[in-house]
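Participant: 211 is the number that this note's numbering gives to position 211 of the sequence shown; each next residue is one higher, with no gaps.
One structure follows; several queries about it will come next.
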Amino acid sequence: MWLTLLYSCLGGALLYALYRWVIPAAAQHHAGLALFWHDVVVERMLDTLTQSTRPQRMLAAVQKNATRGDPRSVVKAIDQFCRQKEWAMNVGDEKGCILDSVVSEVNPATVLELGTYCGYSTVRIASLLPPHAKLITLEFNPDNAVIARQVIAWAGLEDKIQLVEGASGDWIPKMKEEFGVKTFDLVFLDHWKDRYLPDTKLMEECGLLRKGSILLADNVICPGTPDYLEYVRNSPRYKSQYFKSHLEYTKVEDGLEKSVFLG
């Protein structure tokens, strides 16, 4: 009996150590393990245990720890949640600084974000925009959109942001008609990776890019967008630059690709 109890305790301790330290440490350096562990194993387990979703838990962290009306405190609260509590695929703090620098450099009047998720990068971008600038962000998942609207409102940026629900392939051709946008100064791509290239070509076809428009694409190494990278790096219509960084909240290599549309 005592041996059985001892073995049970040791087994439980081993499982806890694997969950709490060993696998997360390994996932810090391995792309496939990081995505599988955080986005499949841990997320599903916590969803079941808490009867909530990761976006809902992230929103709760914002409401608990961020100051209402302070965008940077919202960003900080999400970063702390993702580093200390539960990983999530935001652009993250490290690549977020690169995003900030590009937004500040471009100083755009019109911005399109493809992939809102919970509004983290949306808040980062909108907080740096000049007065009267327009940010349109597209989110395919309606549940994510519900959370993102609350995060954006908590940051006090709802007047700067138009959140649109639906597929990028459906909305891009309607941008000019629905929102009165002629072209975008900056486009941030952070949605389904297999949509980067077709949506870029669709924006070209719809005349939404002008000479000098900037495309900034996240996760071009992990999970990766090889067809998109081949296109923007070899097309005479773009001048492209890679910013090496890491997959959000890990040590896995990832980066952002900044591509200037040459017309």
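Yeah, the Cβ is synthetic: ideal placement off N, Cα and C, and Gly gets one too.
All figures in this text were calculated on a predicted structure; none of them were measured in a lab.
For residue 197, which residues from the same chain have a beta carbon less than 7 Å from its beta carbon, with the 5 sequence-adjacent residues on both sides left out?
Facilitator: 227, 228 and 231.
Participant: State the Cα-Cα distance for the pair residue 13 and residue 84, rounded to the nearest angstrom.
Facilitator: Confidence is the limiting factor: at residue 13 the pLDDT is only 47, short of 50, which leaves the residue's position unreliable and the question unanswerable from this model.
Participant: Is the CB-CB distance between residue 119 and residue 88 below 7 Å?
Facilitator: Cβ distance not < 7 Å, so residue 119 and residue 88 don't count as in contact.
Participant: For residue 212, count neighbouring Cβ atoms within 10 angstroms of its own Cβ and tell me buried if that reaches 16, exposed if not.
Facilitator: exposed
Participant: Can you tell me whether residue 45 is buried or exposed, with buried defined as 16 or more other CB within 10 angstroms of its CB?
Facilitator: exposed
Participant: Do you know how far the Cα of residue 239 is from the Cα of residue 160?
Facilitator: Going by the C-alpha atoms only, they are around 29 Å apart.
Participant: Going by DSSP in three states, residue 208 sits in which element: helix, strand or coil?
Facilitator: coil
Participant: Of the choices 256, 207 and 55, whose alpha-carbon is the least far from that of residue 173?
Facilitator: 207
Participant: Rounded to whole angstroms, what's the CA-CA distance from residue 121 to residue 253? Just pull it up for me.
Facilitator: 19 Å
Participant: Am I right that residue 157 and residue 145 are in contact with their C-beta atoms under 8 Å? What's the rounded C-beta distance?
Facilitator: Their Cβ separation, rounded to whole angstroms, is 15 Å, which puts residue 157 and residue 145 out of contact at 8 Å.
Participant: Between which two residues does the beta strand (DSSP E) containing residue 255 stretch?
Facilitator: 253-261
Participant: Pick helix, strand or coil for residue 174, following the three-state DSSP scheme.
Facilitator: helix
Participant: Straight-line CA distance for residue 260 to residue 214?
Facilitator: For residue 260 and residue 214, the distance between alpha carbons rounds to 5 Å.
Participant: Check the C-beta distance from residue 135 over to residue 125 and give it rounded, since I have them as a contact under 8 Å.
Facilitator: 6 Å
Participant: Cα separation between residue 297 and residue 181?
Facilitator: As shown, the chain starts at 1 and ends at 263. That puts residue 297 outside it, with no answer to give.
Participant: Hey, could you find the ends of the alpha helix (DSSP H) residue 78 is sitting in?
Facilitator: Note, residue 78: alpha helix (DSSP H), 71-84.
Participant: Can you list, in chain order, the stretches of the alpha helix (DSSP H) that have 4 or more residues and sit fully within the region 98-156?
Facilitator: 120-126 and 142-155
Participant: Assign residue 168 to buried or exposed, taking buried as 16 or more other Cβ atoms, counted over all protein chains shown, within 10 Å of its Cβ.
Facilitator: buried
Participant: Among the residues of its own chain, which have a CB less than 6 Å from the CB of residue 138, if the five just before and after it don't count?
Facilitator: Excluding sequence neighbours, residue 138 sits near 114, 164, 168 and 171.
Participant: Mind checking residue 54: buried by the 16 CB within 10 Å criterion, or exposed?
Facilitator: buried
Participant: Please classify residue 36 as buried or exposed, where buried requires at least 16 other C-beta atoms within 10 Å of its C-beta.
Facilitator: exposed
Participant: Might you give, ordered along the chain, the residues of its own chain that have their beta carbon closer than 6 Å to the beta carbon of residue 112, omitting 5 neighbours on each side?
Facilitator: 136, 184 and 187
Participant: Among 101, 205, 220 and 104, which one has its Cα closest to the Cα of residue 189?
Facilitator: 220
Participant: Suppose contacts are defined by Cβ-Cβ distances below 7 Å. Is residue 95 in contact with residue 256 by that definition?
Facilitator: yes
Participant: By the three-class DSSP mapping on this structure, what secondary structure does residue 88 have?
Facilitator: DSSP places residue 88 in coil when its eight states are reduced to three.
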